[in-house]
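K.L.:
First the structure, which I've put down as structure tokens, then a few questions once you've had a look.
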Amino acid sequence: VPLAAGLPRRARMGDMFDLHFRHWPPGIPRTLTIPATTLSFNLETSAARYPDKVALHYYGRAITYAALRREVDALAGWLQAVAGVKRGDRVILDLQNSPQFVVGYYAILRADAAVVPVNPMLRTDELRYLCEDSGARVALFGQELLDAWRPLLGTTVGHAVVAAYSDALPERPEPALAGLVLPEAVVEPRRALAAAERAGGAVPWADAVGAGRVPAPQAAGPDDLAVLPYTSGTTGHPKGCVHTHRTVMSTATMHGAWSGVVSDAVQLSVLPMFHVTGMQGGMNAPIWSGATVVLMSRWDRDACTRLVEHHRITSITGITAMIVDWLNTPGLESRDLSSLLRIGGGGAAMPEAVAQRLETLIALPFVEGYGLTETIAPTHVNPVHRPKRQCAGIPIFNTDARILDVETGARKGVGETGEIVVCGPQVFKGYWNNPEADASVFLEIDGKRFFRTGDLGHYDEDGYFFITDRLKRMINASGFKVWPAEVEAMLFAHPDVSEACVIASRDARRGETVKAVIVPRPHAAGRVATEAGAQAFAAEIEAWAREKMAAYKVPRRIEFIEALPKTGTGKVFWRSLQEAEDKRWT
Numbered sequence: 413v414p415l416a417a418g419l420p421r422r423a424r425m426g427d428m429f430d431l432h433f434r435h436w437p438p439g440i441p442r443t444l445t446i447p448a449t450t451l452s453f454n455l456e457t458s459a460a461r462y463p464d465k466v467a468l469h470y471y472g473r474a475i476t477y478a479a480l481r482r483e484v485d486a487l488a489g490w491l492q493a494v495a496g497v498k499r500g501d502r503v504i505l506d507l508q509n510s511p512q513f514v515v516g517y518y519a520i521l522r523a524d525a526a527v528v529p530v531n532p533m534l535r536t537d538e539l540r541y542l543c544e545d546s547g548a549r550v551a552l553f554g555q556e557l558l559d560a561w562r563p564l565l566g567t568t569v570g571h572a573v574v575a576a577y578s579d580a581l582p583e584r585p586e587p588a589l590a591g592l593v594l595p596e597a598v599v600e601p602r603r604a605l606a607a608a609e610r611a612g613g614a615v616p617w618a619d620a621v622g623a624g625r626v627p628a629p630q631a632a633g634p635d636d637l638a639v640l641p642y643t644s645g646t647t648g649h650p651k652g653c654v655h656t657h658r659t660v661m662s663t664a665t666m667h668g669a670w671s672g673v674v675s676d677a678v679q680l681s682v683l684p685m686f687h688v689t690g691m692q693g694g695m696n697a698p699i700w701s702g703a704t705v706v707l708m709s710r711w712d713r714d715a716c717t718r719l720v721e722h723h724r725i726t727s728i729t730g731i732t733a734m735i736v737d738w739l740n741t742p743g744l745e746s747r748d749l750s751s752l753l754r755i756g757g758g759g760a761a762m763p764e765a766v767a768q769r770l771e772t773l774i775a776l777p778f779v780e781g782y783g784l785t786e787t788i789a790p791t792h793v794n795p796v797h798r799p800k801r802q803c804a805g806i807p808i809f810n811t812d813a814r815i816l817d818v819e820t821g822a823r824k825g826v827g828e829t830g831e832i833v834v835c836g837p838q839v840f841k842g843y844w845n846n847p848e849a850d851a852s853v854f855l856e857i858d859g860k861r862f863f864r865t866g867d868l869g870h871y872d873e874d875g876y877f878f879i880t881d882r883l884k885r886m887i888n889a890s891g892f893k894v895w896p897a898e899v900e901a902m903l904f905a906h907p908d909v910s911e912a913c914v915i916a917s918r919d920a921r922r923g924e925t926v927k928a929v930i931v932p933r934p935h936a937a938g939r940v941a942t943e944a945g946a947q948a949f950a951a952e953i954e955a956w957a958r959e960k961m962a963a964y965k966v967p968r969r970i971e972f973i974e975a976l977p978k979t980g981t982g983k984v985f986w987r988s989l990q991e992a993e994d995k996r997w998t
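Spelled out as structure tokens, the structure:
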């Protein structure tokens with residue numbers, strides 16, 4: 413695109429990738445100044461601007477911005493005065509999407525601490541590791557998770573606040589929403605904590621908030637640790653990703669500016685908020701803008717449709733599997749979905765046929781994006797006015813993305829495949845207490861610090877990026893990220909497993925599912941001599957795994973083999989197993 417001065421834009425942009433600017437969304441500046449404030453200040457600002465405006469709708473209950481801030485301040489005061497939380501401390505947040513999640517998240521930040529968001533599907537051993545690695549001694553979790561947390565009370569964690577989601581439900585549901593089928597954990601009445609649980613430092617959520625404590629003046633700044641989400645990458649143990657208020661603020665504000673999230677927007681928040689996409693698009697971006705969030709604790713297509721109609725929802729962010737399920741709702745074409753202005757998401761490429769059906773039904777394209785835990789959500793998003801299907805999109809505000817040759821590091825051109833590397837304000841500061849991992853993912857180009865995503869891709873002549881393969885061995889099972897090395901490390905604890913290699917297997921419903929290729933120990937080898945014996949053995953391992961790890965990590969398919977293929981250096985040649993599995997489904 414020529415400039416008035418007659419020079420091509422590339423000559424003015426130096427080495428920064430800039431092909432995508434020719435399709436930049438009209439009316440939006442190409443750079444964005446990130447506020448030098450904390451995330452908790454965003455809530456304070458919106459509460460001051462819109463005190464009586466609804467911040468959260470939760471199955472018929474409306475919570476205003478002023479009420480939300482009061483509860484946040486009360487819990488923050490309790491965390492400081494009773495639990496001893498101070499600046500820089502880490503606090504576990506283990507809750508499903510709920511008003512309590514939002515309150516807990518912002519209360520931790522208001523107490524000058526950092527949020528360690530946790531998937532509620534994790535079990536005791538997994539929780540213990542996260543607590544010990546992060547150094548968290550305080551946890552906020554849902555009462556349905558008491559069995560998993562009970563062994564850690566009074567030992568690994570010294571204080572815990574236990575939430576009952578039913579406390580956030582309305583006394584009388586709105587007539588338009590009567591009959592909604594709510595998740596079991598949401599309707600469960602508040603439990604009375606046992607004496608041993610209280611002795612271990614656990615208190616009911618209502619007691620902590622009801623104590624009416626007042627937090628000290630905010631001491632944390634934009635470069636303090638704010639969120640420490642864990643990702644496993646390619647190693648056996650999850651790694652904490654260090655995100656400051658500034659890095660998290662970057663994609664929260666980018667999301668709002670890119671998608672047009674203004675104060676009168678109504679966002680459906682159904683993606684789990686412990687995950688960075690749901691956290692940013694479903695909570696932090698709307699709160700930054702003073703918008704309204706309609707919360708769903710679990711996906712339910714019928715509830716989604718009724719909530720869209722009743723609350724006049726303007727935006728939905730979801731994963732492909734969710735949209736596929738929603739489009740299969742009987743009679744959806746006759747429902748009033750006219751309030752919707754944007755539907756987008758990521759996690760897996762949207763099939764062409766599904767995207768076409770969605771566009772035919774509601775006259776909106778599915779806007780795909782791309783990001784990682786290390787980038788606290790998007791580095792790329794499709795322009796709303798010109799999206800491409802099955803495409804990661806173009807680099808978002810202030811983001812430099814490039815394709816490098818995997819072997820040489822040389823810069824690749826249009827249509828050439830290599831590793832995607834990114835530089836931008838959303839890139840994390842490094843892995844928690846893990847300089848060796850940092851050294852493997854950061855590199856300097858043109859004096860700038862780039863992050864190696866571990867994903868292979870290419871860009872086209874318009875500057876749109878496409879993901880084609882993975883260097884990392886991540887498995888995407890219904891939007892949940894599974895890292896094979898972590899599952900393998902757990903499988904090695906089984907007394908009858910000698911070796912294990914975990915790979916992705918295609919699944920019609922989940923997209924991908926977890927498959928374990930196992931070498932039995934010598935004393936158990938005879939168990940796989942017959943098909944019936946192998947099936948029984950596989951069922952035992954699966955049942956054992958369900959006791960040890962979150963359900964989405966459990967191998968749904970198990971194959972027994974005499975020996976795993978190895979490379980010349982003795983490493984398991986997992987790629988050959990993955991390629992063989994892929995061929996079975998082509």
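If you're matching positions, the sequence shown starts at 413 in the numbering used here and goes up one per residue. Glycine included, each C-beta is placed from N, C-alpha and C at the ideal position.
Assign Gly-702 to one of two classes, buried (16 or more other C-beta atoms within 10 Å of its C-beta) or exposed (fewer than that).
P.N.:
Buried.
K.L.:
For Val-940, I'd like the list of residues in its chain whose CB is within less than 8 Å of its CB, leaving aside the five on either flank, ordered along the chain.
P.N.:
If we look at Val-940 and ignore the five residues flanking it on each side, its Cβ neighbours are Pro-932, Ala-946, Phe-949, Phe-972.
K.L.:
Does Asp-858 pass the burial test, meaning 16 or more other C-beta atoms within 10 Å, or should it be called exposed?
P.N.:
Exposed is the call here.
K.L.:
Considering only C-alpha positions, which residue in the set Tyr-876, Ile-774, Arg-968, His-723 is nearest to Ile-832?
P.N.:
Closest by alpha carbon: Tyr-876.
K.L.:
How about Thr-811 and Gly-836: are their beta carbons less than 8 Å apart?
P.N.:
Contact: yes.
K.L.:
Alpha carbon to alpha carbon, how far is Ala-951 from Ala-944?
P.N.:
Straight-line Cα distance between these residues: approximately 11 Å.
K.L.:
Taking just the CA atoms, how far does Thr-829 sit from Phe-553?
P.N.:
If I take the Cα positions, the gap works out to 43 Å.
K.L.:
According to the Cβ coordinates, are Phe-878 and Gly-869 closer than 8 Å?
P.N.:
For Phe-878 and Gly-869, yes; Cβs fall inside 8 Å.
K.L.:
Does the Cβ of Lys-800 have 16 or more other Cβ atoms within 10 Å, making it buried, or fewer, making it exposed?
P.N.:
Classification for Lys-800: buried.
K.L.:
Can you tell me which of the three DSSP states Leu-707 falls into?
P.N.:
Strand at Leu-707.
K.L.:
Exposed or buried, what is Thr-861 when buried is set at 16 or more other beta-carbons lying within 10 Å of its beta-carbon?
P.N.:
Note that residue 861 corresponds to Arg in the displayed sequence, not to Thr. Flag for Arg-861 reads exposed.
K.L.:
If you reduce the DSSP assignment to three classes, tell me which class Leu-468 lands in.
P.N.:
DSSP places Leu-468 in strand when its eight states are reduced to three.
K.L.:
Under three-state DSSP, which class holds Asn-696?
P.N.:
If DSSP states are grouped into helix, strand and coil, Asn-696 belongs with the helices.
K.L.:
Is DSSP giving Gly-875 helix, strand or coil here?
P.N.:
If DSSP states are grouped into helix, strand and coil, Gly-875 belongs with coil.
K.L.:
If you draw a straight line from the C-alpha of Ala-525 to the C-alpha of Pro-629, how long is it?
P.N.:
Cα to Cα, Ala-525 sits roughly 13 Å from Pro-629.
K.L.:
When DSSP labels each residue in this structure, what does Thr-741 get in the three-state scheme?
P.N.:
Coil.
K.L.:
What is the DSSP secondary structure of Thr-646, counted as helix, strand or coil?
P.N.:
Note that Thr-646 scores a pLDDT of 49, beneath 50, so its modelled location is shaky; the value from the coordinates is reported in the next line. Three-state result, Thr-646: coil.
K.L.:
Let me confirm a value: Asp-994 is counted as buried when at least 16 other C-beta atoms fall within 10 Å, else exposed. Which label applies?
P.N.:
Exposed: under 16 other Cβ atoms inside 10 Å.
K.L.:
For the putative contact between Val-779 and Val-793, defined by C-beta atoms under 8 Å, what is the C-beta separation to the nearest angstrom?
P.N.:
Confirmed, Cβ separation roughly 7 Å.
K.L.:
Can you list, in chain order, the residues of its chain whose CB lies under 6 Å from that of Glu-911, leaving out five sequence neighbours each side?
P.N.:
Val-931, Leu-976.
K.L.:
By how many angstroms is the C-alpha of Gly-672 removed from the C-alpha of Thr-646?
P.N.:
With a pLDDT of 49 at Thr-646, under the threshold of 50, the modelled position of this residue cannot be trusted; read the value that follows with caution. Each residue's Cα considered, the two are about 36 Å apart.
K.L.:
Keeping to the same chain, check which residues put their C-beta closer than 8 Å to that of Thr-880; ignore five residues upstream and five downstream.
P.N.:
Result list for Thr-880: Thr-829, Leu-868, Gly-869, His-870, in chain order.
K.L.:
Is Ser-917 helix, strand or coil by DSSP?
P.N.:
Note: Ser-917 maps to strand in three-state DSSP.
K.L.:
Below 8 Å on the Cβ atoms is my guess for Phe-840 versus Cys-716; work out the distance and round it to an integer in Å.
P.N.:
With 8 Å as the limit, Phe-840 and Cys-716 do not qualify as a contact, their Cβ atoms being about 32 Å apart.
K.L.:
Which ranges would you report for the alpha helix (DSSP H) in the region 539-627 if only whole runs of at least 4 residues count?
P.N.:
With a minimum length of 4 residues, the continuous alpha helix (DSSP H) runs that stay inside the region 539-627 are 558-561, 596-599, 607-611, 617-622.
K.L.:
Rounding to the nearest angstrom, what Cα-Cα distance links Gln-990 and Ala-493 in this structure?
P.N.:
Taking the straight line joining both Cα atoms gives about 52 Å.
K.L.:
Thinking C-beta only, is Gly-612 closer than 8 Å to Leu-565?
P.N.:
Yes.
K.L.:
Given Ala-479, which residues of its chain have a CB within under 7 Å of its CB, disregarding the five upstream and five downstream residues?
P.N.:
For Ala-479, where only same-chain residues beyond five positions count, there are no Cβ hits under 7 Å.
K.L.:
Go ahead and pull the three-state DSSP assignment for His-655.
P.N.:
Reduced to three states, the DSSP call for His-655 is strand.
K.L.:
On a CA-only basis, which of Ile-725, Ile-735, Pro-441 is nearest Arg-921? Give me that one, please.
P.N.:
The candidate whose alpha carbon is nearest that of Arg-921 is Ile-735.
K.L.:
Assign Asn-454 to one of three DSSP states: helix, strand, or coil.
P.N.:
Helix at Asn-454.
K.L.:
What residues in its chain sit with their C-beta under 6 Å from that of Leu-534, if we drop five residues either side in the sequence?
P.N.:
If we look at Leu-534 and ignore the five residues flanking it on each side, its Cβ neighbours are Ala-962.
K.L.:
List the endpoints of the continuous alpha helix (DSSP H) containing Arg-958.
P.N.:
943-960 is the span of the alpha helix (DSSP H), which, as asked, contains Arg-958.
K.L.:
Determine the DSSP secondary structure at Leu-491, reduced to helix, strand or coil.
P.N.:
Leu-491: helix per DSSP, three-state reduction.
K.L.:
Going by Cα to Cα distance, which pick from Gly-805, Ala-789, Phe-863, Ile-970 is closest to Gly-999?
P.N.:
This structure leaves residue 999 out entirely; the chain is present only between 413 and 998.
K.L.:
According to DSSP, is Glu-819 helix, strand or coil?
P.N.:
Here Glu-819 sits in coil by DSSP.
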